[in-house]
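Okay, structure first, notes after.
Numbering (full-length UniProt numbering), first residue to last: 1 to 349.
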């Protein structure tokens with residue numbers, strides 16, 4: 001259950017619905033709740049981390065809020081799929097952003113609740129050197145009980161089946177020894193949470209203590225993929241990536257038309273009470289892609305952009321897989337405007 005074999009817009013819509021159904025089923029379950037408590041417990045170990053509140057009480061409140069917000073995003077939120085050719089564009093914009101002091105209105109997001117799927121994940125290197133994949137992002141507009149202030153609660157998820165994510169590889173080895181725990185987890189695993197205030201200036205990130213050399217675990221990054229290195233001195237990486245997506249998907253160089261799902265997919269979504277409409281966000285073209293039954297897909301871009309060198313997976317006549325290296329090149333029609341900046345990473349296929 002992944003986007004690895006999705007080649008048409010209908011495939012993207014079908015996969016997005018299946019992933020959302022599975023994530024809704026596991027959200028808030030015993031295994032998911034225990035995992036969230038273990039993940040968030042470390043954030044409230046410091047005496048001032050919970051604002052004078054008992055750490056256990058603080059963790060309980062945050063866990064309940066995250067479960068409610070994420071479940072709403074997975075079940076009733078709008079669904080977006082970022083086309084692989086757009087990954088590096090959004091990642092580069094997010095890496096360059098620092099939202100500190102900015103005033104964001106409720107209209108900044110395309111909807112109150114939503115899910116962004118990244119078939120080609122963006123990789124996040126934390127200050128400790130650990131690398132995690134960002135394969136999906138959810139957001140939900142919530143109100144703080146005591147103050148009534150509104151904010152977006154943002155959750156970052158890594159795909160458990162990502163072969164290039166070192167954290168996911170280690171987790172898969174551990175889960176192989178406990179299938180009961182694996183059955184209680186969905187295809188994505190929450191790895192970070194962030195928040196963006198609505199109608200209030202974005203606060204500066206808290207001061208972080210220097211990382212001890214003994215705590216460094218400098219992991220290697222996958223070749224040909226976009227990696228954002230976090231220095232801990234600006235707005236949270238996942239919040240910047242999501243805000244960059246919000247802005248870019250509304251620009252005229254992109255198209256985010258609703259992709260119809262096939263009848264079996266719509267029926268599965270109806271039984272699970274899941275919103276089945278999916279928007280695939282891609283660079284605007286003069287004509288859309290066609291399904292295999294309608295002839296060869298023709299991709300006509302209105303702009304030119306740099307494509308990173310990447311490996312292309314092929315299969316020979318005997319059915320044996322092999323790879324060929326495609327050099328970096330410029331893609332798009334001659335004479336079209338050239339998008340400067342980072343090179344676009346192409347999904348390996």
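Each residue gets a CB set at the ideal place from its N, CA and C atoms; glycine is no exception.
Bear in mind that the values here come from a model prediction, so they are computed numbers and not experimental data.
Exposed unless 16 or more other CB atoms sit within 10 angstroms - verdict on residue i
i           : result
residue 121 : buried
residue 103 : exposed
residue 355 : An answer regarding residue 355 cannot be provided, because it is not within the stretch 1 to 349 covered by the chain.
residue 338 : exposed
residue 64  : exposed
residue 147 : exposed
residue 7   : exposed
residue 48  : A caution first: residue 48 carries a pLDDT of 48, below 50, which makes its placement in the model too unreliable to give a value.
residue 273 : exposed
residue 240 : buried
residue 329 : exposed
residue 74  : buried
residue 79  : buried
According to DSSP, residues forming a beta bridge with residue i
i           : result
residue 114 : 78 and 139
residue 408 : Because the chain here runs from 1 to 349, residue 408 falls outside it and cannot be looked at.
residue 131 : 125
residue 150 : 143
residue 312 : 324
residue 193 : 155
residue 329 : 307
residue 338 : 304
residue 201 : 103
residue 188 : 159
CA-to-CA distance, residue j to residue i, given in whole angstroms
i           : j           : result
residue 14  : residue 82  : 15 Å
residue 260 : residue 87  : 22 Å
residue 181 : residue 33  : 12 Å
residue 237 : residue 28  : 25 Å
residue 290 : residue 150 : The predicted position of residue 290 is uncertain, since its pLDDT is 48 and thus under 50; a value taken from the coordinates is nonetheless stated next. If you take the alpha carbons of residue 290 and residue 150, they lie about 42 Å apart.
residue 5   : residue 84  : 13 Å
residue 248 : residue 137 : 16 Å
residue 101 : residue 199 : 11 Å
residue 296 : residue 57  : Annotation note: pLDDT 48 at residue 296 (below 50); position unreliable, coordinate value reported separately. Cα to Cα, the separation comes out at about 58 Å.
residue 314 : residue 282 : 24 Å
residue 246 : residue 153 : 15 Å
residue 331 : residue 308 : 10 Å
Limits of the unbroken alpha helix (DSSP H) element including residue i
i           : result
residue 263 : 263 to 271
residue 322 : Here residue 322 belongs to no alpha helix (DSSP H); instead the beta strand (DSSP E) covers 321 to 326.
residue 11  : 9 to 26
residue 36  : 30 to 41
residue 235 : Run containing residue 235: none; DSSP gives neither H nor E here.
Continuous beta strand (DSSP E) stretch holding residue i: start and end
i           : result
residue 170 : Unbroken run through residue 170 is the alpha helix (DSSP H), 166 to 175; no beta strand (DSSP E).
residue 305 : 304 to 307
residue 227 : 227 to 229
Query - Cβ pair count under 8 Å reaching 3, the stretch 262 to 270 against the stretch 63 to 82 - result: no
Query raised in the report: Are the stretch 142 to 161 and the stretch 170 to 190 touching by the rule of at least three beta carbon pairs closer than 8 Å?
Result: yes
Query raised in the report: At a cut of 8 Å, does the stretch 7 to 26 reach the stretch 161 to 171 through at least three beta carbon pairs?
Result: no
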